[in-house]
Amino acid sequence: MIFTVAIDGPAAAGKGTISRAVAERFGFAHLDTGLLYRAVGAKGGDPVEAALTLSDADLTRDDLRTLEAGQAASRVAVIPEVRAALTDYQRSFARREGGAVLDGRDIGTVICPEAEVKLFVTASAEVRAHRRWLEVGGDEAQVLAEVIERDKRDAERATAPLKAVEDAVVIDTTVLSINAAVDVACRVIAEALGVRQ
Ligand code: CDP
Ligand code: CDP
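Counting along the sequence shown from 1, when you hit position 28 you're at 29 in this note's numbering, and nothing is skipped either side.
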């Protein structure tokens, strides 16, 4: 069975949390595509070369979750050649046998517009920054400023900007618990699969 769940949305909206839960519930493979861009940004040197030669070791560095790595990722993510170098891998992952869930910024728009389910997960910038701050600590006002700056760069870039497609189901997690957001996602997927929950 080929079945793709595309999950897009701004920073710290809950994409990863929902993706992991959905993957476990339905037995789908999961790809956190943000990690690819984080790894390219963290590698340094020529970003296009970094994207073309990305290895497992690059993807398992333990400094990929920092705020700095997020900023570096969004700077290399505006380069069309970097995005192009990462496209084939993501597309084959999306259409692999057995079902796949991919989360990122351009999954429903560019990587897999034919995805059977498209979700756009969002929340207010303040709530998202607070959640990220609980994870990384430091100065909460600075975390908020960085989240806003990164969202702006992701939404305004010319190639594959962050946006919700028309056929995406929007899940606003501003006041939704993780469990409630996962339930909404699972209901949409079960309906598309034609299975009873
Ligand atoms: O993948 P993305 O950056 O969109 O977000 P995430 O890593 O899944 O979630 C960011 C943080 O928000 C995590 O610590 C989640 O536990 C938390 N979260 C939450 O408190 N309530 C939600 N409804 C969703 C996520
Ligand atoms: O977890 P969080 O939502 O904070 O970030 P991420 O998903 O790890 O993505 C880091 C950065 O990579 C984003 O701010 C985007 O600039 C870029 N990215 C992208 O351009 N396209 C994707 N499909 C995924 C991430």
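We put the beta carbon where it would ideally sit given N, CA and C, even for glycine.
Your pair Val144 and Ala14 does not check out as a contact, with CB atoms roughly 14 Å apart and the cut at 8 Å.
Val128 and Ala58 have their alpha carbons spaced roughly 33 Å apart. A contact is defined here as three or more CB-CB pairs under 8 Å, and the segment 37–48 meets this definition with respect to the segment 65–84.
Annotation for Val111: Ala161 place their beta carbon closer than 7 Å to its own, counting only its chain and skipping 5 residues before and after. Look at Gly35 here: in three-state DSSP terms it is helix. Within the segment 118–145, the complete beta strand (DSSP E) segments at least 3 residues long are 118–123, listed from N- to C-terminus. Closest in alpha carbon position to Val137, among Pro11, Ala24 and Ala70, is Ala70. With respect to Val148, Val6 sits apart: the two C-beta atoms are not nearer than 8 Å.
Under the DSSP assignment, Gly17 falls in the alpha helix (DSSP H) whose first and last residues are Lys16 to Phe27. The beta-carbon distance between Asp9 and Arg106, rounded to whole angstroms, is 6 Å. This is short enough to meet the 8 Å contact definition. Going by DSSP, Val83 is part of the alpha helix (DSSP H) stretching over Pro81 to Ala95.
Residue pairing from DSSP leaves Leu60 without any beta-bridge partner. Under the three-state reduction of DSSP, Val77 is assigned to helix.
Contact check for Leu55 against Leu37 passes: the beta carbons are separated by less than 8 Å. The three-state reading of DSSP puts Thr67 in coil, since its state is none of H, G, I, E or B.
Not one heavy atom of ligand 1 falls within 7 Å of the beta-carbon of Ala165.
Val102 is bridged by DSSP to Val6 and His31. In this structure, Ile179 has its CB closer than 7 Å to one or more heavy atoms of ligand 1. Under the three-state reduction of DSSP, Asp168 is assigned to coil, being neither helix nor strand. Rounded to the nearest whole angstrom, the CA to CA distance from Ala78 to Val196 is 37 Å. With a threshold of 16 other beta carbon atoms within 10 Å, Asp140 falls short and is exposed.
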